[in-house]
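See structure below.
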Amino acid sequence: QVQLVESGGGVVQPGRSLRLSCAASGFSFSSYGMHWVRQAPGKGLEWVAVISYDGSNKHYADFVKGRFTISRDISKKTLYLQMHTLRPEDTAVYYCAKANYYNAFDIWGLGTMVTVSS
Amino acid sequence: DIQMTQSPSTLSASVGDRVTITCRASQSISGWLAWYQQKPGKAPKLLIYDASSLQSGVPSGFSGSGSGTEFTLTISSLQPDDFATYYCQQYNSYPYTFGQGTKLEIK
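Line by line, the protein sequences give chains C and U.
Take the first sequence: its position 111, counted from the start at 1, is 198 in this note's numbering, and no numbers get skipped.
Take the second sequence: its position 9, counted from the start at 1, is 509 in this note's numbering, and no numbers get skipped.
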């Protein structure tokens with residue numbers, strides 16, 4: 088079935104790095120844009136980044152520009168989010184999401200929790 | 501950045517009620533708007549895309565309307581499973597932005 092499964096979350100100290108992964112299955116991974124969205128504890132949804140279907144275009148939220156990098160490996164059907172210089176305010180559940188042909192997010196992963204704390 | 505503002509933030513209603521949630525954009529987003537439902541501890545679920553198109557598998561009691569800067573999500577007859585938090589999202593331009601959410605509670 089169509090599925091996204093995130094991994095790589097955990098507890099990390101401020102200033103350190105972490106890489107999240109999102110394994111896709113059940114659909115043509117190379118045909119769709121992919122996004123990362125986060126949700127701080129008790130807060131709303133916050134868009135983080137997008138990568139185009141072929142990896143040629145990327146956009147980021149201002150609060151992660153220069154610190155986070157989105158990438159994808161078509162052969163492994165996996166989306167990544169490399170996070171550097173993490174801050175306590177980056178603490179959140181991070182979801183990967185697939186864009187449909189209209190750019191709404193029709194498939195979401197279960198999320199992976201990132202906690203930035205000393 | 502385009503700001504999305506939902507109202508109300510909290511809505512108390514009963515099973516069988518008809519409810520409407522409003523979402524306003526700080527500038528025109530044409531019809532590039534989606535609505536999501538989220539339950540505690542779960543990932544969001546797409547309900548409506550392109551302002552009024554019902555996502556496959558979503559009950560027909562959900563409907564969306566609007567264009568430009570004002571949009572609505574309507575649930576025609578609340579079911580017990582509908583009590584959740586609802587978010588609007590614009591995908592007209594980057595950075596994509598979400599509304600702050602509307603929590604639909606049981607009265």
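From the three backbone atoms N, C-alpha and C, an ideal C-beta is built for every residue, glycine too.
Residue 509 (chain U) and residue 559 (chain U) have their C-alpha atoms spaced approximately 23 Å apart.
Per DSSP, residue 603 (chain U) is one residue of the beta strand (DSSP E) stretching across 602-606. Residue 564 (chain U) and residue 531 (chain U) have their alpha carbons spaced roughly 11 Å apart.
If you ignore the 5 residues before and after residue 118 (chain C), its C-beta comes within less than 6 Å of the C-beta of 140, all in its own chain and listed in chain order.
Around the beta carbon of residue 144 (chain C), a 10 Å sphere encloses fewer than 16 other beta carbons of the protein chains shown; the residue is thus reported as exposed.
For residue 201 (chain C), the pairing in a beta bridge is given by DSSP as C:97, C:179. When Cβ-Cβ separations below 8 Å define contact, residue 111 (chain C) makes no contact with chain U. Assigned with DSSP and collapsed to three states, residue 512 (chain U) falls in strand. Between residue 195 (chain C) and residue 543 (chain U), the C-beta spacing is below 8 Å.
Distance check between residue 126 (chain C) and each of C:178, C:188, C:142, C:189 places C:178 closest, using alpha-carbon atoms only. 8 Å or more divides the Cβ of residue 134 (chain C) from the Cβ of residue 562 (chain U). Relative to the Cα of residue 121 (chain C), the nearest Cα in the group C:152, C:205, C:182, C:199 belongs to C:182.
Assignment of residue 141 (chain C) by DSSP, reduced to helix, strand and coil, places it in the coil class.
Of the residues U:501, U:556, U:519, U:524, the one whose Cα lies closest to the Cα of residue 583 (chain U) is U:519. Not flagged as an interface residue toward chain C: residue 582 (chain U), since no C-beta distance is shorter than 8 Å.
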